[in-house]
């Protein structure tokens, strides 16, 4: 089922949680709402679920306005960060809850409930825990039970609020893969909220990036990572180097240096002297030994960390870019070939560069 | 003996020793004295005293009305705690403080105030009496007094549990399609039940032992509105110390049995709701 939100606004006191947010969630997709804490992503999810109501705007489920439909009639499955399992009920009773509270006319027989619950428990691969109580389960198991419970009522959409947020890193990684597989099996329209960019990029079909109650960018994981639309997205997704400078003849001047992008000119269409910030990912920077030359930005190597497959090189800016820190990723062969050493003055040349005008600077 | 284990929390022996000495001095020795005193009676004499029809009637009044009062308090105390935890309204802090007042008020004052209120010429009594509802000077008056003094127990035991209750549980139930009352009955009530039972037991215990407020409003008619503590005082005033302690022993035993029962029930529900695991 498709979900649309139209011009949603939500205010908590003087804090604007959502500022005129409009989004489409097509049928069958797994979408991640990604952003830092306080960006409004959870509020949006709760408004879609009907657990919270918007100050203005509407939520459309399958094209129908559901803004005034109570949560229990919306047929949404909601999974909470802290599971919200009923601790006085066994795992079986937890999963059966949604079926047992149905009005008498719609309620399936106990035999049907039993069959259905066991099917769901098999789906989440925890059939053997049916008689346990939530307190006897691990965090990962609890979250899978919570998911089974949400699926029991055959929801039209599945909403997950930081579903893996309370789990440790290893379990989180496992559950991510598991959630992706489950979605490929069920194809139920799903939205999950996360502040973990890796999680969002790895699991989702599409990623919605949010900040300060606004949608910053929507796209496939590939799109948003490769082509960030705003400085916020660039900074939020993955490690990044910032170069603060001014636009000059279609180039970026950082202190005394001019920032080139490989061979071709940047061809910026910015006003002369406009403050800009340029972004380059650690693997998009090359290091040229020696301080001479007019290519790139002068810097000094402060540390070389060469314990992984790639070597990470930390640098401090000099000449006007001093006080700034940069990070470059090279293969270990490159480091050895170039004979890089700590304390060595070098120049940084980006192979790829994204320049944004800095607002309010 | 196996090798001595090191405990993370020190002072086990000290704490246990202190607890036993304290409990002995304050509770066990005085209660034992009651039993010893009553043992001056032969078994037949003892039975004759405690099974006298007038005395048996007081058991019914005391325990029956105490249980009823505790039950009423369980229901309305829960509602009051709910209102105090869940809603914001003007004067909330004031109401919160008022709940404890029955703790602090001398019970005789409470008894006199309630009597004045519910007597035939009192503020409320003048409207109730024409309707055929006689509160003061009857069993109903005792019930009112017992409800009054027992109220804080339920509110104060349920309140903290209610405050800790995660609203996510209710949201989860609602998102699964549960109606409001289903959420209350299936999710909230089972979690509150152990605390509610504790409050019930405390209110009940308090009501059984209550004397001051009841005697003013009860009317103290034999076979109708005499409570067991009054029976004991009556015996004492007649210098029948042995008879008084005999009734006290019976009262202690019944109270102990009922409280034990409630506590077992409480432990059982606590286990079922996933605590003490």
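Residue numbers (this note's numbering), protein chains in the order written: chain A, 1 to 361; chain B, 1 to 277. All C-beta atoms in this analysis are idealised placements derived from N, C-alpha and C, irrespective of residue type, glycine included.
**Item:** Cβ shell of residue 180 of chain A (< 6 Å), same chain only, five flanking positions each side left out
**Value:** Taking the first chain and counting its residues from 1, one reaches residue 180 of chain A at position 180. So the list reads 203, once near-sequence residues are dropped.
**Prompt:** Which two residues bound the contiguous beta strand (DSSP E) that contains residue 354 of chain A?
**Reply:** As a first step, residue 354 of chain A must be located in the first chain, where it is residue number 354. First-last of the beta strand (DSSP E) with residue 354 of chain A: 354-357.
**Request:** Please say whether residue 9 of chain A and residue 362 of chain A have beta carbons closer to each other than 7 Å?
**Result:** Residue numbering for chain A in the displayed model covers 1 to 361; residue 362 of chain A lies beyond these limits and cannot be assessed.
**Prompt:** Would you say residue 98 of chain A reaches chain B, if we count a Cβ-Cβ gap shorter than 7 Å as a contact?
**Reply:** Your numbering for residue 98 of chain A matches position 98 in the first chain. So yes, residue 98 of chain A belongs to the interface.
**Request:** Would you kindly check if the distance between the Cβ of residue 41 of chain B and the Cβ of residue 242 of chain B is under 7 Å?
**Result:** Locating residue 242 of chain B in the second chain gives position 242, counting from the first residue. Locating residue 41 of chain B in the second chain gives position 41, counting from the first residue. It is a contact, given that the beta carbons lie within the stated cut-off.
**Request:** Would you tell me roughly how many angstroms separate the C-alpha atoms of residue 340 of chain A and residue 258 of chain A, rounded to the nearest one?
**Result:** As a first step, residue 340 of chain A is located in the first chain; it is residue number 340 there, counting from the start. As a first step, residue 258 of chain A is located in the first chain; it is residue number 258 there, counting from the start. Rounded to the nearest whole angstrom, the CA to CA distance from residue 340 of chain A to residue 258 of chain A is 23 Å.
**Asked** For the segment 222-259 of chain B, which segments carrying the alpha helix (DSSP H) assignment without a break, of at least 4 residues, lie completely within its bounds, in sequence order?
**Response** Listed in chain order, the complete alpha helix (DSSP H) runs (minimum 4 residues) inside the segment 222-259 of chain B are 228-237.
**Message:** Tell me which residue opens and which closes the beta strand (DSSP E) that residue 348 of chain A is part of.
**Reply:** For this step, residue 348 of chain A is matched to residue 348 along the first chain. Residue 348 of chain A -> beta strand (DSSP E) spans 345-350.
**Item:** Contact belief for residue 121 of chain A with residue 148 of chain A at Cβ below 8 Å, rounded distance in angstroms
**Value:** On the first chain, residue 121 of chain A is found 121 positions in, with the first residue counted as 1. On the first chain, residue 148 of chain A is found 148 positions in, with the first residue counted as 1. The Cβ separation is near 6 Å, so the contact holds.
**Request:** Would you decide whether residue 159 of chain B is buried or exposed? Buried here means 16 or more other CB atoms lie within 10 Å of its CB.
**Result:** Within the second chain, residue 159 of chain B is the residue found at index 159, counting from 1. That one is buried.
**Request:** Look up residue 96 of chain B in the DSSP assignment and give the residues it is bridged to.
**Result:** In the second chain, the residue the question calls residue 96 of chain B occupies position 96. According to DSSP, residue 96 of chain B bridges with nothing at all.
**Message:** Which residue marks the beginning of the beta strand (DSSP E) containing residue 22 of chain A, and which one marks its end?
**Reply:** Against the first chain, residue 22 of chain A aligns to sequence position 22. 15-25 is the extent of the beta strand (DSSP E) around residue 22 of chain A.
**Message:** At the 7 Å Cβ level, is residue 171 of chain B part of the contact set with chain A, yes or no?
**Reply:** The sequence position of residue 171 of chain B within the second chain is 171, counting from 1. Closer than 7 Å to some Cβ of chain A, the Cβ of residue 171 of chain B qualifies, so yes.
**Request:** Tell me whether residue 230 of chain A sits in a helix, a strand or coil according to DSSP, three-state version.
**Result:** For the purposes of this step, residue 230 of chain A is taken as residue 230 along the first chain, with counting starting at 1. Three-state result, residue 230 of chain A: coil.
**Message:** For residue 99 of chain A and residue 153 of chain A, which I take to be in contact (beta-carbon distance under 8 Å), what is that distance rounded to the nearest angstrom?
**Reply:** Position 99 of the first chain, counted from the start, is the residue given in the question as residue 99 of chain A. Position 153 of the first chain, counted from the start, is the residue given in the question as residue 153 of chain A. That pair is a contact at about 7 Å.
**Request:** Could you work out which residue in A/330, A/58, A/36, A/51 is closest to residue 448 of chain A when comparing CA atoms only?
**Result:** Any property of residue 448 of chain A remains undetermined from this structure, which presents chain A solely from 1 to 361.
**Request:** Run down chain A in chain order and give the residues with a C-beta less than 7 Å from the C-beta of residue 267 of chain B.
**Result:** Residue mapping note: residue 267 of chain B aligns to position 267 of the second chain, counting from 1. Within chain A, no residue comes near residue 267 of chain B; the closest Cβ sits about 14 Å away, beyond 7 Å.
**Message:** Any beta carbon from chain A within less than 7 Å of residue 178 of chain B's own beta carbon?
**Reply:** For the purposes of this step, residue 178 of chain B is taken as residue 178 along the second chain, with counting starting at 1. Residue 178 of chain B counts as touching chain A.
**Item:** Proximal residues, the segment 181-206 of chain B versus chain A, C-beta separation under 8 Å
**Value:** 182, 186, 187, 190, 191
**Beta-carbon proximity check, residue 150 of chain A vs residue 95 of chain A, cutoff 7 Å** = Against the first chain, residue 150 of chain A aligns to sequence position 150. Against the first chain, residue 95 of chain A aligns to sequence position 95. Not in contact: residue 150 of chain A and residue 95 of chain A (Cβ atoms no closer than 7 Å).
**Prompt:** Which residues does DSSP pair with residue 279 of chain A in a beta bridge?
**Reply:** Along the first chain, one-based indexing puts residue 279 of chain A at 279. The partner list for residue 279 of chain A (beta bridge, DSSP) reads A/242, A/354.
**Message:** Looking at chain B, is there any beta carbon in it that lies within less than 7 Å of the beta carbon of residue 71 of chain A?
**Reply:** Sequence index remark: in the first chain, residue 71 of chain A carries index 71 (1-based). Yes, its Cβ sits closer than 7 Å to a Cβ of chain B.
**Asked** Given that residue 102 of chain A touches chain B, what residues does it touch there, using C-beta distances under 7 Å?
**Response** As a working note, residue 102 of chain A is residue 102 in the first chain. Those within 7 Å of residue 102 of chain A in chain B are 177.
**Request:** Output the distance between the C-alpha atoms of residue 114 of chain B and residue 247 of chain B, rounded to the nearest integer angstrom.
**Result:** Walking along the second chain from the start, residue 114 of chain B turns up at place 114. Walking along the second chain from the start, residue 247 of chain B turns up at place 247. Cα to Cα, the separation comes out at about 28 Å.
**Request:** Name the residue from B/20, B/272, B/214 whose alpha carbon lies nearest to the alpha carbon of residue 191 of chain B.
**Result:** As a first step, residue 191 of chain B is located in the second chain; it is residue number 191 there, counting from the start. Closest by alpha carbon: B/272.
**Request:** Identify the contact partners of residue 49 of chain A in chain B, using a Cβ-Cβ distance below 9 Å as the criterion.
**Result:** On the first chain, residue 49 of chain A is found 49 positions in, with the first residue counted as 1. Simply 171, 175.
**Asked** Is any beta-carbon of chain B found at less than 7 Å from that of residue 84 of chain A?
**Response** Position 84 of the first chain, counted from the first residue, corresponds to residue 84 of chain A. Chain B, which has a Cβ nearer than 7 Å to the Cβ of residue 84 of chain A, makes this yes.
**Message:** To the nearest angstrom, how far is the alpha carbon of residue 218 of chain A from that of residue 30 of chain A?
**Reply:** Position 218 of the first chain holds residue 218 of chain A. Position 30 of the first chain holds residue 30 of chain A. For residue 218 of chain A and residue 30 of chain A, the distance between alpha carbons rounds to 13 Å.
**Message:** Does the CB of residue 272 of chain B have a neighbour CB from chain A at under 7 Å?
**Reply:** In the second chain, counting from the first residue as 1, residue 272 of chain B sits at position 272. True, the Cβ-Cβ gap to chain A drops below 7 Å.
**Message:** Taking 7 Å as the threshold (C-beta atoms), are residue 45 of chain A and residue 207 of chain A in contact?
**Reply:** As a first step, residue 207 of chain A is located in the first chain; it is residue number 207 there, counting from the start. As a first step, residue 45 of chain A is located in the first chain; it is residue number 45 there, counting from the start. No, Cβ-Cβ distance for residue 207 of chain A and residue 45 of chain A is not below 7 Å.
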